[in-house]
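Chemist: Okay, handing you the structure first.
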Amino acid sequence: MSGLAKDITPPSSGAPMVKAEGVHKSFGLAHILKGIDLEVLPREVFCLIGPSGSGKSTFLRCINHLEKISAGRLYVDGHLVGYRQHGDKLYELKEKEVAAQRRDIGMVFQRFNLFPHMTALENVMEAPVQVKRESKAVARERAQRLLDRVGLGDRTGHYPAQLSGGQQQRVAIARALAMQPKLMLFDEPTSALDPELVGEVLDVMRDLAEDGMTMIVVTHEMGFAREVGDSLVFMDDGVVVESGHPRDVLTNPQHDRTKSFLSKVL
Amino acid sequence: MTDTVDKTPAPSVPPEQIKAIPVRHYGRWVAAAVVIAILVLIGMAFSNADINYGIIPDYVTDGTILSGAWHTLYISVLAMVLGLVLGVILAIMRMSSNPVTSTVAWFYIWFFRGTPVLVQLLLWYNIALVFPILNLGFYKDEMNQVMTPFLAALLGLGLNEAAYMSEIVRAGIQSVDEGQTEASHALGMTQPQTLRRVILPQAMRVIVPPTGNEYINMLKTSSLASVVQFPELIKRATDISSTSLAVVEMYFVACIWYLFLTTIFSIVQYYIERHYARGSSRSLPPTPLQRLRKNLSRWGSFRRPEVAR
Chain B
1 MSGLAKDITP
11 PSSGAPMVKA
21 EGVHKSFGLA
31 HILKGIDLEV
41 LPREVFCLIG
51 PSGSGKSTFL
61 RCINHLEKIS
71 AGRLYVDGHL
81 VGYRQHGDKL
91 YELKEKEVAA
101 QRRDIGMVFQ
111 RFNLFPHMTA
121 LENVMEAPVQ
131 VKRESKAVAR
141 ERAQRLLDRV
151 GLGDRTGHYP
161 AQLSGGQQQR
171 VAIARALAMQ
181 PKLMLFDEPT
191 SALDPELVGE
201 VLDVMRDLAE
211 DGMTMIVVTH
221 EMGFAREVGD
231 SLVFMDDGVV
241 VESGHPRDVL
251 TNPQHDRTKS
261 FLSKVL
Chain Z
1 MTDTVDKTPA
11 PSVPPEQIKA
21 IPVRHYGRWV
31 AAAVVIAILV
41 LIGMAFSNAD
51 INYGIIPDYV
61 TDGTILSGAW
71 HTLYISVLAM
81 VLGLVLGVIL
91 AIMRMSSNPV
101 TSTVAWFYIW
111 FFRGTPVLVQ
121 LLLWYNIALV
131 FPILNLGFYK
141 DEMNQVMTPF
151 LAALLGLGLN
161 EAAYMSEIVR
171 AGIQSVDEGQ
181 TEASHALGMT
191 QPQTLRRVIL
201 PQAMRVIVPP
211 TGNEYINMLK
221 TSSLASVVQF
231 PELIKRATDI
241 SSTSLAVVEM
251 YFVACIWYLF
261 LTTIFSIVQY
271 YIERHYARGS
281 SRSLPPTPLQ
291 RLRKNLSRWG
301 SFRRPEVAR
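Those protein sequences? They're chains B and Z, same order as listed.
In terms of full-length UniProt numbering, the first sequence opens at residue 1 and continues consecutively.
In terms of full-length UniProt numbering, the second sequence opens at residue 1 and continues consecutively.
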């Protein structure tokens with residue numbers, strides 16, 4: 001079921017797609033991220049695992065500036081996220097500029113967050129028409145194709161409430177892909193699903209990975225991470241504890257915290 | 001396709017329906033008798049009163065009253081539209097991160113909700129005391145010429161309504177899940193796009209019912225515009241009663257029209273609610289017509305429908 005490739009914007013250079021340098025994030029007194037350094041290469045499937053509250057979702061949300069980082073630097077495709085640098089001064093980007101940065105970054109949420117007052121097709125068409133000012137005909141054609149690809153070509157007229165969780169999440173993936181992003185963020189995309197529906201969402205993600213999409217996936221699906229992931233990071237308490245190839249980290253963890261976490265989830 | 005799960009064959013003879021004697025609700029019969037007795041007593045009291053009911057039907061369709069009803073209808077619609085538009089703007093201002101706009105909105109709501117609408121109407125009507133000359137640069141005139149009864153009624157009712165509507169709109173916007181805003185922003189939509197395309201359409205489901213309530217309230221509150229000489233129903237009714245001396249009769253005539261208008265708009269509201277219920281539930285609620293038919297059939301059998309909805 002390949003063929004999503006033509007919806008992927010190729011990265012502009014061979015440089016890292018995402019680069020984090022000493023990223024910190026605090027909510028009031030709560031220090032969530034305590035210095036994250038990592039690099040995500042183009043076409044890489046990058047998995048983030050860790051216990052809840054470890055900061056992995058917060059880090060993901062920082063990448064498209066849904067959260068502002070408190071310290072450090074975060075780059076996507078060579079551009080600073082949320083700021084512009086002139087000399088050694090940082091300028092906050094205007095709302096419009098932030099929105100422009102987010103166009104190229106697709107995001108899939110744990111709770112789908114489909115627009116309930118729009119049909120599946122309208123959900124997928126919305127951003128291309130509103131943000132990119134595409135004509136409805138072009139947007140509809142692509143939306144239909146994307147829904148076909150995620151196996152929902154016959155559900156285009158359904159409202160989210162009429163779809164199962166797995167179907168909703170696949171529409172959400174199609175919606176993010178409709179903006180032809182160069183990077184996809186997945187925030188525990190299968191955590192809100194019934195066990196028998198997890199597979200259909202992971203299948204779509206696997207296809208996307210095969211087509212060369214750069215993906216950062218916060219997940220508890222160790223099987224998916226091992227099979228599809230190119231890199232894996234284990235986070236705990238706001239720091240990266242261990243990183244490497246998923247096979248190595250999952251089968252031969254070096255740190256005690258990683259070992260104790262994996263012993264509980266595997 | 002092989003299916004090893006054993007299926008019970010569909011029974012050719014449907015199982016015998018339960019035929020039980022339904023619970024008797026004697027209390028309902030007693031309650032109905034009491035209600036009827038009270039209604040009869042009230043009816044008798046009214047019919048014995050010194051009220052000339054005979055003239056009411058003639059005046060319901062009297063030209064002056066019809067014109068009054070028309071004025072009531074259009075001033076309440078226009079004031080409501082003004083209130084709705086301004087209310088949405090105020091709600092967005094109130095929730096804005098800009099401290100200036102949110103403070104301005106707060107003060108607006110504080111003032112217009114805190115003073116009687118009757119006083120506001122009179123203030124607008126007498127605004128010439130404060131601004132004798134209206135000078136907009138391109139347009140200049142004496143305020144007394146500009147501030148007609150119509151304009152005073154529109155501003156008095158509409159600006160007051162905006163304060164209430166803004167709170168309703170704000171509640172509606174806040175009722176929409178935050179994930180909707182995040183999803184919209186993540187797609188690259190700006191805040192105004194998010195509001196217009198994602199948040200407000202969903203907020204409407206929460207906004208419409210109290211707005212219908214506000215409108216029905218407005219239909220009746222518009223009677224206060226009679227103090228600024230706006231020729232709506234009450235003004236017309238009192239005009240007639242001052243010559244015909246049929247005071248209470250004319251108020252009855254006005255009430256018939258208020259009841260008629262509020263009934264019509266209750267129906268309109270119902271269909272607006274249906275429109276915004278799109279996608280929120282798997283099946284839409286029945287229309288009044290469908291419900292009427294159902295209720296009639298229920299009356300026929302005179303007991304609760306056996307089939308659960």
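In this text, a Cβ means the ideal position worked out from N, Cα and C, and glycines have one as well.
Any beta-carbon of chain Z closer than 8 Å to the one on residue 169 of chain B?
Modeler: False, the Cβ-Cβ gap to chain Z never drops below 8 Å.
Chemist: Using a beta-carbon distance below 8 Å, is residue 20 of chain B in contact with chain Z?
Modeler: Taking Cβ atoms only, chain Z never reaches closer than 8 Å to residue 20 of chain B, which makes this a no.
Chemist: Considering only the alpha carbon of each residue, which of B/78, B/243, B/113 and B/143 lies closest to residue 15 of chain B?
Modeler: Of the listed residues, the one whose Cα sits closest to residue 15 of chain B is B/78.
Chemist: Can you tell which of B/133, B/241, B/148 and B/252 has its C-alpha closest to the C-alpha of residue 226 of chain B?
Modeler: Closest option to residue 226 of chain B, Cα to Cα, is B/252.
Chemist: State the Cα-Cα distance for the pair residue 87 of chain Z and residue 16 of chain Z, rounded to the nearest angstrom.
Modeler: Between residue 87 of chain Z and residue 16 of chain Z, the C-alpha separation is close to 59 Å.
Chemist: Residues bridged to residue 26 of chain B by DSSP?
Modeler: According to DSSP, which records beta bridges pairwise, residue 26 of chain B is partnered with B/31.
Chemist: Determine the closest residue to residue 21 of chain B out of B/81, B/27, B/31 and B/49, with distance taken between C-alpha atoms.
Modeler: Comparing Cα positions, the closest option is B/81.
Chemist: Can you give me the start and stop residues for the alpha helix (DSSP H) that residue 223 of chain B sits inside?
Modeler: Residue 223 of chain B -> alpha helix (DSSP H) spans 222-228.
Chemist: Considering only the alpha carbon of each residue, which of Z/188, Z/250 and Z/204 lies closest to residue 94 of chain B?
Modeler: Nearest option by C-alpha distance: Z/188.
Chemist: Chain Z beta carbons: is any one of them nearer than 8 Å to that of residue 115 of chain B?
Modeler: So, interface residue.
Chemist: Give the residues of chain Z in contact with residue 130 of chain B, contact being defined as C-beta atoms less than 8 Å apart.
Modeler: Under the 8 Å cutoff, chain Z gives 189, 193 and 197.
Chemist: Hey, would you say residue 212 of chain Z sits closer than 8 Å to residue 269 of chain Z, going by beta carbons?
Modeler: In contact: residue 212 of chain Z and residue 269 of chain Z (Cβ atoms closer than 8 Å).
Chemist: Can you tell me where the beta strand (DSSP E) with residue 199 of chain Z in it begins and where it stops?
Modeler: No beta strand (DSSP E) contains residue 199 of chain Z, which DSSP labels as neither H nor E.
Chemist: Is any beta-carbon of chain B found at less than 8 Å from that of residue 293 of chain Z?
Modeler: It does not; no Cβ of chain B falls within 8 Å.
Chemist: Taking only beta-carbon positions, decide if residue 182 of chain Z is within less than 8 Å of chain B.
Modeler: True, the Cβ-Cβ gap to chain B drops below 8 Å.
Chemist: Would you call residue 44 of chain Z buried or exposed, if buried means 16 or more other Cβ atoms sit within 10 Å of its Cβ?
Modeler: Per the 10 Å Cβ criterion, exposed.
Chemist: For residue 251 of chain B, which of helix, strand or coil comes out of DSSP?
Modeler: Helix.
Chemist: If we count Cβ pairs, one from each stretch, closer than 8 Å, do we get three or more for the stretch 201-219 of chain Z versus the stretch 254-269 of chain Z?
Modeler: Touching, per the Cβ criterion.
Chemist: Opposite residue 135 of chain Z in the DSSP bridges: which residues?
Modeler: For residue 135 of chain Z, which the question treats as bridged, DSSP gives the partners Z/140.
Chemist: Considering only the beta carbon of each residue, do residue 108 of chain B and residue 176 of chain B sit closer than 8 Å?
Modeler: Contact flag set, yes.
Chemist: Ends of the beta strand (DSSP E) at residue 275 of chain B?
Modeler: No answer is possible for residue 275 of chain B: it lies beyond the span of chain B, which begins at 1 and ends at 266.
Chemist: Taking the DSSP output, what are the residues bridged to residue 26 of chain Z?
Modeler: DSSP output for residue 26 of chain Z lists no bridge partner at all.
Chemist: Starting from the Cα of residue 265 of chain Z, find the closest Cα among Z/91, Z/102, Z/218 and Z/101 and give me that residue.
Modeler: Looking at the Cα atoms, Z/218 is the closest of the given residues.
Chemist: Taking Cβ-Cβ distances shorter than 8 Å, what residues in chain B pair up with residue 201 of chain Z?
Modeler: Within chain B, the residues near residue 201 of chain Z are 117.
Chemist: Cutting at 7 Å between CB atoms, please list the residues of its own chain near residue 58 of chain B, excluding the five before and the five after it.
Modeler: So the list reads 25, 32, 33 and 67, once near-sequence residues are dropped.
Chemist: From the DSSP output, in three-state form, read off residue 21 of chain Z for me.
Modeler: DSSP places residue 21 of chain Z in coil when its eight states are reduced to three.
Chemist: Let me check one thing: in DSSP terms, what residues is residue 108 of chain Z bridge-paired to?
Modeler: DSSP lists no partner for residue 108 of chain Z.
Chemist: Are the C-beta atoms of residue 25 of chain Z and some chain B residue less than 8 Å apart?
Modeler: No, residue 25 of chain Z lies away from the interface with chain B (no Cβ there is under 8 Å from its Cβ).
Chemist: Distance check for residue 102 of chain B and residue 115 of chain B, CA to CA, integer angstroms please.
Modeler: Approximately 18 Å between the Cα atoms of the pair.
Chemist: Spell out whether any CB of chain Z is found under 8 Å from the CB atom of residue 17 of chain B.
Modeler: No, because no Cβ of chain Z sits closer than 8 Å to the Cβ of residue 17 of chain B.
Chemist: Please report whether the beta-carbon of residue 95 of chain B lies at a distance below 8 Å from any beta-carbon of chain Z.
Modeler: Yes, residue 95 of chain B counts as interfacial toward chain Z.
Chemist: List the residues of chain Z whose Cβ lies closer than 7 Å to the Cβ of residue 140 of chain B, in chain order.
Modeler: Neighbours of residue 140 of chain B on chain Z: none; closest Cβ ~16 Å, over 7 Å.
Chemist: Residues in the stretch 51-81 of chain B with C-beta within 9 Å of chain Z's C-beta atoms, listed in sequence order?
Modeler: Those residues of the stretch 51-81 of chain B that come within reach of chain Z (Cβ to Cβ, closer than 9 Å) are 61, 64, 65 and 66.
Chemist: Look up residue 54 of chain B in the DSSP assignment and say whether it is helix, strand or coil.
Modeler: Residue 54 of chain B: coil per DSSP, three-state reduction.
Chemist: How far does the alpha helix (DSSP H) with residue 59 of chain Z in it reach, from first residue to last?
Modeler: Per DSSP, residue 59 of chain Z belongs to the alpha helix (DSSP H) from 56-60.
Chemist: For residue 18 of chain B, tell me which candidate among B/36, B/133 and B/28 has the shortest Cα-Cα distance.
Modeler: Checked all of B/36, B/133 and B/28; the closest Cα to residue 18 of chain B is B/36.
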